[in-house]
Every structure is written in structure tokens, then in C-alpha cells.
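Enquirer: First, the structure itself, so that you have it in front of you.
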Amino acid sequence: MFTSVEFENYMSLKKLKLNIKQKNDFKKIVAIYGENGSGKSNIVSAFMNLRLSLDTLNAKKKLDEFLSSDTKNENIMNVKHYTAMYSDRSRIDRVFENTYLLGATEPMSLKYNFKIYGHFGYYKLIFKKDSSGSLYLASEELNYLIKKSSGVIFHITSDENQNISIKVSPQLFKNANLSNSMDDLIKRLWGKHTFLAIFQEFAVENNEKYIIENVLNNFLKVQSKFEHLSFKTDNARGANNFRQMLHNLISGTVNNGNTRNKIENTSESLNKYFVPLYSDIMSLHYKTESLEDNKTKYELYEKKRISDEIVEIPFVLESNGTKKLLNLFPLLLNAVNGDTVIIDEIDQGIHDLLIDRIIENVKDDITGQLIFTTHDTQVMKQLDVSSLYVIQVDSSGNKRVSNISKASKSNIASNNNIQKLYLEGYFAGIPYADDVDFYDIIENLGVNHD
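Position 175 of the sequence shown, counted from 1, bears residue number 293 in my numbering, the numbering being contiguous throughout.
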């Protein structure tokens with residue numbers, strides 16, 4: 119889907135372009151390297167925030183429902199967690215809070231260039247600061263195929279006093295009542311929410327057939343692709359759930375009906391994923407318990423070889439690394455199934471050789487797009503050099519992200535060891551650290567060594 123992303127005054131990225139276009143298409147797999155603090159996570163956050171920006175009205179609805187529900191029997195920490203999460207995601211300015219480059223006075227912008235169903239387009243967000251220094255949405259624009267040529271599907275702008283200008287292609291809405299309804303919603307909600315978020319909620323509340331028949335099909339294609347964007351960071355995760363599988367993989371409750379098939383499908387899929395990766399995991403299965411209200415409780419177990427015996431243990435007792443592999447599972451399936459997936463530090467907490475094997479196995483099956491950041495240089499052995507990117511920071515703190523084939527001053531031979539060259543600093547993007555004298559630190563603290 120994405121061919122490039124252009125950043126201006128976004129977090130630590132003053133002006134940067136991530137170009138992941140290959141000839142006349144997007145690259146299906148992209149690995150981004152760079153030293154700590156170079157901006158890898160900031161790049162990932164731009165994709166995550168795009169996805170979250172579509173859900174602001176839905177998050178507001180969930181927040182209102184949660185606050186109006188009876189939470190007296192809820193764990194106080196759960197109440198605080200969900201209240202904070204829904205609140206942080208309930209408005210566009212909250213989603214993009216603290217993303218403005220410190221000290222910047224010029225607008226902050228993100229331009230997502232993409233190719234969807236054979237046609238190029240872009241989606242652009244511009245934010246500005248008002249007189250009090252608060253961030254506000256100043257512009258939202260979508261450019262894509264309308265009929266036989268590309269053009270502006272919509273472009274909405276606003277000043278800090280919320281004076282809104284709306285430009286919508288006459289081809290977008292085929293029904294006058296629908297057009298008037300959306301126009302009214304935009305005037306009431308835009309600025310707190312994007313056009314895409316407003317339309318998403320409108321579509322949820324209306325008949326699907328009515329939407330399909332009365333809205334520009336090419337716009338619906340873009341909306342759908344953006345809605346199916348999946349991501350994983352340290353603090354958040356969003357994956358598209360398969361109807362045939364359980365949503366929560368470790369444990370939970372589900373309504374009866376197709377429960378047995380879901381449990382069996384999920385168990386079979388997890389066995390195909392974990393058993394080849396672990397020599398000591400014999401199998402995985404779910405234990406179930408029937409509950410009232412026509413529900414079933416389930417929990418994931420595994421049979422594991424320990425001291426030459428097969429022991430059944432709850433998966434919840436597994437190591438953090440193994441749990442992280444479980445979290446990656448639905449995201450990898452999304453990429454294979456045609457969705458765009460963004461993962462920050464895909465290797466975090468997982469053995470190099472396991473990530474290496476997973477990338478080797480999944481790379482040729484991807485029909486969507488997988489973009490990830492990593493410090494794991496083992497992965498370099500599995501990917502074509504065209505898929506490898508590095509964030510370079512010069513002595514003045516200026517940043518650029520380059521494909522490794524263009525990151526060096528000389529050509530790379532086909533037989534070169536890319537991993538070795540990277541670790542030797544051939545492409546930059548690695549830390550250049552001096553020695554740390556820990557004894558001197560203790561001495562300065564006046565700590566008694568006795």
C-alpha cells in the first residue's frame with residue numbers, strides 16, 4: 119500500500135521522507151535500522167496514529183459507554199486503564215498530542231503516499247498551533263482515482279477559530295440526502311475528528327448496501343485499506359481479527375454458536391506456528407468451560423518436554439519472549455492476508471535465530487505489506503538489500519532514511535556481507551560510543567566500598 123511517507127516537524131523528524139517505492143509499486147517488506155534515539159519508533163508512530171485517527175469517534179462512544187456503565191465491581195486499575203485509553207484516542211488532537219517537533223513554529227505535516235488496486239494517491243494531514251500553543255487540525259486531504267483520472271476527493275481546512283472550508287468532489291456522494299448529512303456532520307465534528315473518522319462512524323450506523331450504492335467506490339477502497347492497517351508498538355497493538363479465530367489467544371470468554379470451530383481453528387493454527395519453532399513444545403490446545411448466558415470460557419495450554427517428561431502447563435506461564443511471539447502471530451497473518459502491518463522492534467525479547475526463521479518463512483507469502491524496525495542484523499541475511507533501510511544522523515542532528523543500497527558512497531557487490539558492513543559502520547546508523555567509567559561514577563557519589 120504505502121510507497122512513501124513524508125514528515126515535517128513530526129516528533130524528532132524535522133524534514134524526512136521514507137521512500138519505500140520499488141519501480142512502479144510498493145515494497146512488500148521493509149526493515150528499518152538505526153541507533154537508539156534515531157527516530158525509528160517515531161516513523162512507526164506515524165502509521166499507528168493514522169490508524170488510531172480513524173477510530174476517534176468509536177473511542178469516544180466506548181468512553182461514554184464505559185463511564186455510564188456500572189463499574190463498581192470492576193478492578194480500579196482496569197477502570198483507570200480503559201478510561202485513559204479511550205480518552206487518549208477520542209479526539210484527533212489527543213491522538214497526535216506531543217508529536218509536534220519541540221521548538222517548531224512551522225506546521226507539522228504527514229503525507230502518506232500509497233498505491234491501492236493499481237492506482238497512486240495520497241492522504242495528507244497538516245497540524246498547526248493556535249495562539250495558546252495547542253495543536254489543532256488545519257488540513258485534511260485525500261487525492262486518489264475518481265473516475266478515469268486522479269483528483270482531490272476531499273480537502274478540508276480550518277483556522278484556529280474553527281472557520282472550516284469544505285471541498286468535496288461531486289462524485290463522492292451520489293445521494294443528496296447522504297451528502298447533506300455528511301456536510302452537517304463535518305461542520306459539527308471536523309477538527310475534533312477527521313473526515314475519515316466521521317465517515318467510518320457514519321458507515322457503521324447506516325445500511326451497508328446504502329453506503330455501497332451511494333458512495334464513490336474508489337473512496338471506499340482507500341477507507342477500507344486504512345481501516346485494515348495493523349500495528350504493534352511497546353504501548354499499543356491493533357490487529358485485524360479473523361472471524362474463524364479467537365480474538366484473545368491466551369484466554370477469554372466467547373458466545374456459544376460457532377465457538378467450537380473457532381477454538382479448533384485457533385488451536386490448529388497455533389500448533390502450525392509454535393511447534394516448528396520450539397523443539398520442546400509438543401502441542402498446544404485449549405481447555406474450555408461452559409458458563410451461564412450461553413458462553414464458553416477458554417484458556418490456552420501447551421504440552422512441553424521438561425526433564426524428559428511431557429508436562430501440561432498454562433501458556434500464561436510461558437516466557438515473555440514466547441508471549442511476544444504469540445502477539446506477533448495475528449500481525450504476520452494480516453500481512454500474508456493482504457493487509458499493511460507496522461511493527462516497532464519486531465525482535466524485542468525474541469531470540470535472533472527465531473526472528474530470522476520467521477522472516478525467512480513469511481517474506482515470500484506476504485500479499486500485503488510488512489514494515490518493521492529492528493536492531494537484529496541477522497535479519498539482513500534473509501532480505502534483499504532493497505528491503506533494508508537505515509536512519510542516518512549527521513553531526514548537526516539532521517536525519518535521513520536511506521535504502522542500504524544507496525546509503526554508502528560506493529556500490530555494494532552482490533557477494534558482500536551486508537550484516538558485517540553495517541556493523542562496521544559502512545552505512546552509518548550505528549552507535550559510536552566511548553567507554554563509560556562506572557567506577558568513577560561511584561567515586562563521585564562518595565559511596566563506601568566497604
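Here a beta-carbon is modelled for each residue, glycine too, at the ideal position from N, C-alpha and C.
The structure presented is a predicted model; accordingly, all values stated were derived computationally and were not measured.
Touching or not, the region 449-463 and the region 161-177, by the rule of three or more beta carbon pairs under 8 angstroms?
Expert: As far as the Cβ criterion goes, the region 449-463 touches the region 161-177, which means the pair count is three or higher.
Enquirer: What are the complete beta strand (DSSP E) segments, minimum 3 residues, inside the region 379-411?
Expert: Entirely contained in the region 379-411, the beta strand (DSSP E) runs reaching 3 residues are, in chain order, 399-409.
Enquirer: Tell me which residues share the same chain as R207 and place their Cβ nearer than 7 angstroms to its Cβ, disregarding the 5 neighbours each side in the sequence.
Expert: Numbered from 1 along the sequence shown, position 89 holds the residue referred to as residue 207. The residues are L170, D173, T174, A177, V213.
Enquirer: Can you say whether R423 is buried or exposed, counting buried as having 16 or more other CB atoms within 10 angstroms of its CB?
Expert: Numbered from its first residue, the sequence shown carries residue 423 at position 305. Under this definition R423 is an exposed residue.
Enquirer: What is the residue span of the alpha helix (DSSP H) that V480 lies within?
Expert: For the purposes of this step, residue 480 is taken as the residue at position 362 of the sequence shown. Counting along the chain, the alpha helix (DSSP H) containing V480 begins and ends at 470-480.
Enquirer: If you measure between the beta carbons of Q341 and G309, is that distance less than 9 angstroms?
Expert: Translated into positions along the sequence shown, residue 341 becomes position 223. Translated into positions along the sequence shown, residue 309 becomes position 191. No; because the gap between Cβ atoms is not below 9 angstroms, this pair is not in contact.
Enquirer: My output table needs one value for R518: the three-state DSSP class, helix, strand or coil.
Expert: Position 400 of the sequence shown, counted from the first residue, corresponds to residue 518. Residue state, collapsed to three classes: strand.
Enquirer: Based on Cα-Cα distance, which residue from Y151, I329, S369, L228 lies nearest to T406?
Expert: Here residue 406 refers to the residue found at position 288 when the sequence shown is read from its first residue. Answer by Cα proximity: S369.
Enquirer: Between N336 and Y262, is the Cβ-Cβ spacing less than 9 angstroms?
Expert: For the purposes of this step, residue 336 is taken as the residue at position 218 of the sequence shown. For the purposes of this step, residue 262 is taken as the residue at position 144 of the sequence shown. Yes.
Enquirer: How is I304 classed by DSSP in three states: helix, strand or coil?
Expert: In the sequence shown, counting from the first residue as 1, residue 304 sits at position 186. Helix, per DSSP.
Enquirer: Residues in the same chain with beta-carbon distance under 6 angstroms from T384, minus the five sequence neighbours each way, listed in chain order, please.
Expert: Translated into the one-based positions of the sequence shown, residue 384 becomes position 266. So the qualifying residues of the chain are M363, L364.
Enquirer: In this structure, how does DSSP classify D558 when only helix, strand and coil are distinguished?
Expert: On the sequence shown, position 440 is the one that residue 558 refers to. Correct three-state label for D558: helix.
Enquirer: Using the C-alpha atoms, what's the distance from D457 back to D99?
Expert: Residue coverage of the chain in this structure runs from 119 to 568, which leaves residue 99 outside it and unanswerable.
Enquirer: Can you give the Cα-Cα distance for G467 and N521, rounded to whole angstroms?
Expert: Counting from one through the sequence shown, the residue named residue 467 turns up at place 349. Counting from one through the sequence shown, the residue named residue 521 turns up at place 403. Roughly 26 angstroms between the two C-alpha positions.
Enquirer: Which residues share a DSSP beta bridge with G269?
Expert: Counted from its first residue, the sequence shown places residue 269 at position 151. Note: G269 sits in a beta bridge opposite Y262.
Enquirer: Could you compute how far the alpha carbon of M203 sits from the alpha carbon of K180?
Expert: Against the sequence shown, residue 203 aligns to sequence position 85. Against the sequence shown, residue 180 aligns to sequence position 62. If you take the alpha carbons of M203 and K180, they lie about 10 angstroms apart.
Enquirer: Taking Cβ to Cβ, would you say T491 is nearer than 9 angstroms to Y128?
Expert: Mapped onto the sequence shown, residue 491 falls at position 373. Mapped onto the sequence shown, residue 128 falls at position 10. No, the pair does not count as a contact, with Cβ atoms beyond the cut-off.
Enquirer: Go ahead and label I431 buried or exposed: buried means 16 or more other beta carbons lie within 10 angstroms of its beta carbon, across all protein chains shown.
Expert: Along the sequence shown, one-based indexing puts residue 431 at 313. With fewer than 16 other Cβ atoms within 10 Å, it is exposed.
Enquirer: Per DSSP, which one or two residues make a beta bridge with S369?
Expert: In the sequence shown, counting from the first residue as 1, residue 369 sits at position 251. According to DSSP, S369 bridges with E417.
Enquirer: Are the beta-carbon atoms of L409 and A453 separated by less than 9 angstroms?
Expert: As a first step, residue 409 must be located in the sequence shown, where it is residue number 291. As a first step, residue 453 must be located in the sequence shown, where it is residue number 335. For L409 and A453, no; Cβs fall outside 9 angstroms.
Enquirer: Which residue wins for smallest C-alpha separation from G157, given the options F320, V519, D553?
Expert: Walking along the sequence shown from the start, residue 157 turns up at place 39. That would be V519, whose Cα lies nearest to the Cα of G157.
Enquirer: Restricting to runs no shorter than 3 residues, where is the beta strand (DSSP E) found entirely within the region 179-259?
Expert: You should have 226-234, 237-247.
Enquirer: From the DSSP output, in three-state form, read off V565 for me.
Expert: Locating residue 565 in the sequence shown gives position 447, counting from the first residue. Correct three-state label for V565: coil.
Enquirer: Which of the three DSSP states, helix, strand or coil, is assigned to Y550?
Expert: Counted from its first residue, the sequence shown places residue 550 at position 432. It is coil, neither helix nor strand.
Enquirer: Do you know whose CA, among E331, K327, L338, lies nearest M317's CA?
Expert: Working through the sequence shown from its first residue, we reach residue 317 at position 199. According to the sequence provided, residue 317 is Phe. The question's Met does not apply to it. Per the Cα distances, L338.
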